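Position one of the sequence shown corresponds to residue 0 (numbering that gives the first Met the number 0), numbered consecutively onward.
Shown next, in structure tokens, is the structure this report addresses.
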Amino acid sequence: MVNIGNSWDEILKEEFKKEYYLNLRQFLKNEYMTRRIYPDMYSIFNAFKLTAYEDVKCVILGQDPYHGPNQAHGLAFSVQKGVDKPPSLKNIFKELAVEMAESQGISMRIPSHGCLEEWARRGVMLLNTCLTVRAGQAGSHRKKGWEIFTDKVIETLSNRREPMVFILWGNPARAKKSLIDGSRHLIVEGTHPSPLSAHTGFFGGNYFIKANDFLKQQGKEPIDWVIE
């Protein structure tokens with residue numbers, strides 16, 4: 000059984016016993032035995048391991064993991080150190096640099112790597128709606144049960160009394176808006192940071208500024224978005 004190692008274990012305990020999840024688990028067991036699957040099985044729940052339920056300040060919702068070698072490690076949009084930054088992540092960093100300059104007068108150096116673990120440890124849950132994928136086959140593990148699981152996670156976070164921010168980039172992420180209580184939490188939307196769509200509504204969204212302004216209004220410490 001899954002052992003996350005923090006409050007998520009108790010919160011998701013019943014979910015891990017449900018028939019759909021047991022079927023998903025059997026599917027994944029066969030997939031990992033017979034194919035190359037990303038991320039490695041020990042990294043599937045890294046978004047949960049690095050950001051406990053009570054520590055979540057902001058959720059950034061992705062789709063499925065990167066499907067290239069050595070990229071995915073359980074955090075949406077993030078890649079392991081030593082791996083080239085994917086185009087979507089480069090655009091996220093570009094937007095962040097502009098926002099930091101505008102809001103704080105900081106000239107932010109674009110990180111040399113694409114590992115977002117620092118964000119995760121600071122309360123940013125980097126959640127994909129599907130947590131695994133076959134190598135080289137985008138979307139190959141969709142509709143196998145992960146969406147039921149991550150919808151439950153989104154609803155559980157939405158039901159938390161303490162307000163947080165949900166950043167939804169792209170139509171699949173924005174489709175989850177109905178799961179979120181917008182009267183309690185801040186929902187920030189934009190097009191996907193992919194080069195295919197970034198110039199039609201991603202750039203200039205002020206996502207990071209809006210997130211921190213909301214957190215400060217709630218009496219919370221803003222997120223340090225700068226990655227060393």
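We treat Cβ as the ideally placed atom computed from N, Cα and C, and that holds for glycine.
All values reported here derive from a predicted model rather than from experimental measurement.
Option nearest residue i by Cα separation, candidates the options
i: PRO68; options: ALA96, MET163 and ILE36; result: ILE36
i: VAL123; options: GLU161, PRO171, LEU60 and SER157; result: LEU60
i: MET40; options: GLU18, LEU130 and ALA119; result: LEU130
i: LEU126; options: PHE92, VAL164, GLU227 and VAL225; result: VAL164
i: ALA51; options: GLY138, GLU30, LEU11 and THR33; result: LEU11
i: THR190; options: SER182, GLU94, TRP168 and GLU30; result: TRP168
i: LYS16; options: PRO38, MET0, TRP224 and SER157; result: MET0
i: PHE44; options: LYS175, ASN2 and SER111; result: ASN2
i: HIS66; options: PRO162, GLY138, ASN29 and GLU14; result: GLY138
i: ALA46; options: LEU27, THR33, ASN5 and ARG173; result: ASN5
i: ASP83; options: SER111, ILE91, GLU116 and TYR31; result: SER111
i: ALA174; options: PRO192, ILE153 and GLY104; result: ILE153
i: PRO171; options: GLN62, TYR19 and GLU161; result: GLN62
Short CB-CB distance (under 8 angstroms) between residue i and chain D
i: GLN136; result: No chain D is part of this structure, which consists of one protein chain only.
Residue i in three-state terms, based on DSSP
i: ILE36; result: strand
i: VAL97; result: helix
i: GLN216; result: helix
i: ASN127; result: strand
i: LEU185; result: strand
i: ARG133; result: strand
i: ILE91; result: helix
i: ILE105; result: coil
i: LEU60; result: strand
i: SER202; result: The identity of residue 202 in the sequence shown is Phe, whereas the question assumes Ser. Here PHE202 sits in coil by DSSP.
i: ILE208; result: helix
i: ASP83; result: coil
Cβ shell of residue i (< 7 angstroms), same chain only, five flanking positions each side left out
i: VAL114; result: For clarity, residue 114 is Cys in the given sequence; the question names Val instead. Result list for CYS114: SER77, VAL78, GLN79 and LYS80, in chain order.
i: SER102; result: ILE208
i: ALA96; result: MET107 and ILE109
i: ASN205; result: GLU98
i: ILE186; result: PHE165, LEU167, LYS176 and ILE179
Contacts around residue i, its chain only, beta-carbon distance under 6 angstroms, and the 5 residues preceding and following it disregarded
i: LEU88; result: PHE76 and GLY113
i: HIS140; result: CYS129, THR131 and VAL132
i: GLU9; result: none
Cutoff 8 angstroms; reference residue i; Cβ partners in own chain excluding five residues on either side
i: ALA100; result: SER106 and MET107
i: ILE222; result: LYS56, CYS57, TRP118, ARG121, GLY122, VAL123, PHE207, ALA210, ASN211 and LEU214
i: SER42; result: ALA71, HIS72 and GLY73
Query - Segments of 4+ residues assigned as alpha helix (DSSP H) that fall wholly inside the region 151-183 - result: 170-173
Report task. Could you tell me whether the region 19-26 touches the region 134-148, where touching means 3 or more Cβ pairs closer than 8 angstroms? Result -> yes
Requested in this report: Inspect the CB distances between the region 192-199 and the region 212-221 and report whether three or more fall short of 8 angstroms.
Outcome: no
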